[in-house]
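The block underneath contains the structure these notes are about, expressed in structure tokens.
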Amino acid sequence: MELNTFANVRVLFFAKSRELVGEKETVINYPSRISTRRILNELLERYNSLSVISENLILSLNEEYLDINDDLIINLKTGDELAVIPPISGG
Amino acid sequence: MDHVDIIEDVIKVEKLVDLVTSPSYGAITTFIGTTRDNFDGKNVTRLEYEAYIPMARKKMLEICGMVREKWKVGNIAIVHRIGVVPVKEASIIIAISSAHRRESLESVHFAIDTLKATVPIWKKEIYEDGSNSWKENTEWKHSKING
Numbered sequence: 000m001e002l003n004t005f006a007n008v009r010v011l012f013f014a015k016s017r018e019l020v021g022e023k024e025t026v027i028n029y030p031s032r033i034s035t036r037r038i039l040n041e042l043l044e045r046y047n048s049l050s051v052i053s054e055n056l057i058l059s060l061n062e063e064y065l066d067i068n069d070d071l072i073i074n075l076k077t078g079d080e081l082a083v084i085p086p087i088s089g090g
Numbered sequence: 000m001d002h003v004d005i006i007e008d009v010i011k012v013e014k015l016v017d018l019v020t021s022p023s024y025g026a027i028t029t030f031i032g033t034t035r036d037n038f039d040g041k042n043v044t045r046l047e048y049e050a051y052i053p054m055a056r057k058k059m060l061e062i063c064g065m066v067r068e069k070w071k072v073g074n075i076a077i078v079h080r081i082g083v084v085p086v087k088e089a090s091i092i093i094a095i096s097s098a099h100r101r102e103s104l105e106s107v108h109f110a111i112d113t114l115k116a117t118v119p120i121w122k123k124e125i126y127e128d129g130s131n132s133w134k135e136n137t138e139w140k141h142s143k144i145n146g
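Those protein sequence lines, which keep their order, are chains A and B.
Take the first sequence: its position 65, counted from the start at 1, is 64 in numbering that gives the first Met the number 0, and no numbers get skipped.
Take the second sequence: its position 62, counted from the start at 1, is 61 in numbering that gives the first Met the number 0, and no numbers get skipped.
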């Protein structure tokens, strides 16, 4: 039996994405089974301001990078931590 | 020993050198990345760094692991500064010791290149005229993570 379940996920914003969104973090209710591309698309719909850097964003889940291009189906659970990662520039 | 840290204060190179020094290792290589006062003809007054601290620490420790897979080294210390880093001051210092010079020289080069491609830390350049710009590492642009 497949239930349509959802998960409350903490979403963090850094650097330019933080400035565009105007907050450091939020909580979003996502379907528990979701593609990485859809996670990003829903973020872009919610935060139109991110569109200027939409081609350059990637995501991490629980401190590991997600491959946006492969469009994987992943499992989310309540308490998971997503982060919006603009191009990095450490060093 | 693998020592990684992200701090808001001045990074002291002597402290990192002390950390990696050992009687059994005859070579220490350090890399110090500092704030430059110019970019593309514009005058830079300071850099502002921020990090996804827990993930950045994790990725820095992964770099230590990769270094140890590739070279026989002694101790590794990698410290990144965040917040405001004025001109001439260090944002990153890496120190690696090894029995002989080749391993520490090569592994420090690898460690800084890999850090620039994989560790979630960001810098914004603040220019003399008040404008600013978030930067992007070329190492990141060309990394597999970024597709």
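Yeah, the Cβ is synthetic: ideal placement off N, Cα and C, and Gly gets one too.
In this structure, what does DSSP give as the bridge partners for A:R32? BP columns for A:R32 point to A:N74.
Distance between B:D8 and B:T117 (C-alpha atoms, nearest Å): Between the alpha carbons of B:T117 and B:D8 lies a gap of roughly 23 Å.
May I have the straight-line CA-CA distance separating B:T33 from A:I84, to the nearest angstrom? If you take the alpha carbons of B:T33 and A:I84, they lie about 24 Å apart.
For A:R32, which residues from the same chain have a beta carbon less than 7 Å from its beta carbon, with the 5 sequence-adjacent residues on both sides left out? Non-local beta-carbon contacts of A:R32 in its own chain, meaning distances under 7 Å to residues more than five positions away in sequence, involve I72 and N74 in chain order.
Quick check for students: name the residue ranges of the beta strand (DSSP E) that lie wholly in the stretch 13–81 of chain B, counting only runs of 3 or more. Within the stretch 13–81 of chain B, the complete beta strand (DSSP E) runs of at least 3 residues are 26–33, 41–50 and 75–80.
State the beta-bridge partners of A:N7 as determined by DSSP. For A:N7, which the question treats as bridged, DSSP gives the partners A:N28.
Which whole-angstrom value is the C-beta distance of B:D1 and B:L60, which I expect to be below 8 Å? The beta carbons of B:D1 and B:L60 sit about 6 Å from each other, so the pair counts as a contact at 8 Å.
DSSP-derived helix/strand/coil call for B:I6: Under the three-state reduction of DSSP output, B:I6 falls in the strand class.
Buried or exposed for B:K58, going by 16 or more other Cβ atoms inside 10 Å? Answer is buried; the Cβ neighbour count reaches 16.
Indicate whether at least one CB of chain B lies closer than 9 Å to the CB of A:G78. Not closer than 9 Å to any Cβ of chain B, the Cβ of A:G78 fails to qualify, so no.
Skipping 5 residues on each side, what residues in its chain have a beta carbon closer than 6 Å to that of A:V10? Answer for A:V10: T25, I27 and L81, listed in chain order.
For the stretch 39–49 of chain B against the stretch 59–66 of chain A, are there 3 or more C-beta pairs whose distance is under 8 Å? Flag = no, the stretch 39–49 of chain B and the stretch 59–66 of chain A do not touch.
Host alpha helix (DSSP H) of B:S103 (start-end): Residue range R100 to T117 is occupied by the alpha helix (DSSP H) that includes B:S103.
Would you mind stating whether B:S106 and B:W70 have Cβ atoms separated by less than 9 Å? In this structure, B:W70 lies closer than 9 Å to B:S106 by Cβ.
Can you give me the start and stop residues for the beta strand (DSSP E) that B:K123 sits inside? Where B:K123 is concerned, the enclosing beta strand (DSSP E) stretches over I120 to Y126.
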